[in-house]
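Protein chains in written order, with UniProt numbering: chain R, 1 to 358; chain X, 1 to 271.
Worksheet: one structure, shown below.
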């Protein structure tokens, strides 16, 4: 629906598909062209929410190299989600093995740092897999190898199959902003949500005997901190290249609505899972392929069909739209789209108080 | 005359014998009515809370068949435990239930994402005069659930339908479990009386319904994926214990036999 002249006008103001019973829907757009794989988001999340107490192996936010097996290993083959867009029948799913997540390793810090040992720093165990294990491996052959980074959190889906999977209604979609939360009092650790989530973003805590997940840093967006200020989720605020936009999908003045609903350049990961994620990605561009003698050739380095596997067939239009807008700017023109994608103003990147007066 | 008198006496004797047989018949043929869990009085100092206490050798055992519970959870019909042996005893103060079932692996911890605990549960109605729906009662007809899991925890739960279990603040149920030679044996006990809100009292003059469930952790059984019994009952009521049709059938059979005998005797006398 994008055109050379910018977004098509919305006929009425209410074109956003929100979940039943939800007033507004939080959303995030991640620009994969900016991700440098530094894992600062991962560490920000971990140090805030998942240190100790049975959470060591959990990464509510992780960054994985694509193509790659990801975290947990081969999560894309683990089932879950819905059979079709009717959202009446779920696909069966599996609970990953502990080995597919990897354990929280302990290291020989004591010997290396304090006891003067000359052995290298290494895990005490002999691990065979863990988060980010296949970092930077990617695919393709020199000189046309390729990879990119994919940061992942819970998608706070509009049709969350994890919610439907719970026989106790312990997991629910919050009315005010559509954040998907697990009521820790109701949860009995059955893990139907773990197997039901096709993104494998719900984790079992064997110490608490409940399942846990990304909470979209709701205390931060509610301004529950000591200074009473509203903050975006830690993964977004702490990102060095500031690749994440945070706000509400139904905030029509915000960049998320425009990127998702108007320009249609921000796309959900694996739309075929039919859960309708509310985390969206600007698909990655890479330099074109090279010939053996180093000449640039007009072939996509990251195969389009691979991007289509991840983001669905709309990825073609999205990439074409961005390319057109870039050409426009290169010719000296203006582009609202590229202005949004290169904006550095936090007040415009994080719009979390727009509905506070309701 | 004397012949007739002798015949009459004979007839009376035959009738009496037949009546006695009709009355004694049910007891001789089936030791107890179907679905009864007899509760035997035992002494507290015989330590019935111990699964290996010798007092359990004196308590009758009921083999309770189990089937997959009807449930919407995935693979609900895929369950592995087919029966549980149930015994029940009481002291002046407490009610004891001893459950024993075969399970090839003792799954005592759920320390990894795919690990689940072996578990067993006992369900009784809050209001013992009305039989609740078997699947964890209903909002108007609550049940108590005593839930033991193989990590050693026992929870006392209140439920009003599937997915509604809520833990009591303080469990009144105590459990001792033992795994030996491929079998779990679990003894649960609770004070007979209770005046706490929504906690079943066994100090009643009516039969009390009871149902059982077992989960095999290594088969990933949990939640609605479980082996369950139909309703059984503790015979706390005044009797007759057992379904009324059983006594009626025996009475009809007895009367029929007596009738045939009388007709036969009369015929012999006329000859």
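We put the beta carbon where it would ideally sit given N, CA and C, even for glycine.
Taking Cβ positions, are residue 209 of chain X and residue 132 of chain X nearer each other than 9 Å? yes
Spatially closest choice to residue 320 of chain R from R:264, R:271, R:350, by CA coordinates: R:264
Compute the Euclidean distance between the alpha carbons of residue 400 of chain R and residue 204 of chain R, then round it to the nearest angstrom. Since the first residue shown for chain R is 1 and the last is 358, residue 400 of chain R is missing from the structure and cannot be characterised.
May I have a chain-ordered list of the beta strand (DSSP E) segments no shorter than 3 residues that lie completely inside the region 29 to 85 of chain X? 39 to 41, 62 to 65
Taking a Cβ distance cut-off of 9 Å, strictly less, list which residues of the UniProt region "Disordered" (40 to 82) of chain X are near chain R, in chain order. Per Cβ criterion, the list reads 71, 72, 73, 74, 75.
Contacts of residue 168 of chain R in chain X (Cβ-Cβ under 7 Å): 163
Report the neighbours of residue 271 of chain R on chain X: residues whose CB is nearer than 7 Å to its CB, in chain order. Chain X residues near residue 271 of chain R: none, gap ~23 Å exceeds 7 Å.
So with Cβ pairs under 9 Å, would you call residue 101 of chain R a contact of chain X? yes
Using 8 Å as the threshold, is the region 96 to 106 of chain R in touch with the region 168 to 180 of chain R, meaning 3 or more CB pairs across them? no
Anticipated Cβ contact below 8 Å, residue 143 of chain X with residue 120 of chain X, distance rounded: Rounded, the Cβ-Cβ distance is 15 Å, inconsistent with contact.
To the nearest angstrom, how far is it from the Cα of residue 39 of chain X to the Cα of residue 226 of chain X? 26 Å
Three-way DSSP call (helix, strand, coil) for residue 115 of chain X in this model: coil
Per DSSP, residue 330 of chain R is paired with what? According to DSSP, residue 330 of chain R bridges with nothing at all.
For residue 97 of chain R, decide whether its Cβ has a neighbour in chain X, counting only Cβ atoms nearer than 9 Å. yes
Does residue 238 of chain X come within less than 9 Å of chain C when only Cβ atoms are used? Absent from the structure is chain C; the protein chains it does hold are R and X.
Determine the DSSP secondary structure at residue 5 of chain X, reduced to helix, strand or coil. helix
Count the other CB atoms, across all protein chains shown, that sit within 10 Å of the CB of residue 205 of chain X; report buried if there are 16 or more and exposed otherwise. exposed
Tell me the residue span of the alpha helix (DSSP H) that contains residue 336 of chain R. 336 to 342
Which residues in chain R sit within 8 Å of residue 113 of chain X, going by Cβ to Cβ distance? 95, 96, 97, 98, 101, 191, 194, 203, 204, 206
Would residue 223 of chain X count as contacting chain R if we go by Cβ distances under 9 Å? yes
With a floor of 3 residues, list each beta strand (DSSP E) that falls wholly inside the UniProt domain "4Fe-4S ferredoxin-type" (145 to 176) of chain R, ordered by position along the chain. 148 to 152, 171 to 173
Would you list the one or two residues that DSSP bridges to residue 290 of chain R? Bridge partners of residue 290 of chain R according to DSSP: R:296.
For residue 311 of chain R, three-class secondary structure by DSSP: The answer is helix: DSSP assigns residue 311 of chain R an H, G or I state.
Shortest alpha-carbon distance to residue 237 of chain R belongs to which of R:22, R:25, R:48? Of the listed residues, the one whose Cα sits closest to residue 237 of chain R is R:48.
Assigned secondary structure, residue 78 of chain R (DSSP; H/G/I helix, E/B strand, else coil): coil
Within the 9 Å Cβ cut-off, does residue 284 of chain R reach chain X? no
Enclosing beta strand (DSSP E) for residue 148 of chain X [first to last residue]: 143 to 149
Anyone know if the C-beta pair for residue 65 of chain R and residue 135 of chain R falls short of 9 Å? yes
In whole angstroms, give me the CA-to-CA distance for residue 336 of chain R and residue 180 of chain R. 32 Å
In chain order, which continuous runs of the alpha helix (DSSP H) of length 4 or greater are located wholly inside the region 172 to 236 of chain R? 192 to 196, 218 to 221, all fully within the region 172 to 236 of chain R.
Would you mind sorting residue 129 of chain X into buried or exposed? The rule is 16 or more other CB atoms within 10 Å of its CB. That one is exposed.
Is there a Cβ from chain R that is less than 9 Å from the Cβ of residue 150 of chain X? no
Take residue 117 of chain X and list the residues in its own chain whose beta-carbon comes closer than 6 Å to its own, dropping the five residues that flank it on each side. 107, 110, 149, 150, 151, 217
Please confirm whether residue 73 of chain R has its beta-carbon closer than 9 Å to some beta-carbon of chain X. It does not: the Cβ of residue 73 of chain R has no partner Cβ on chain X nearer than 9 Å.
Could you confirm whether any beta carbon from chain R is found closer than 9 Å to the beta carbon of residue 171 of chain X? Closer than 9 Å: no.
Straight-line CA distance for residue 47 of chain X to residue 96 of chain X? 10 Å
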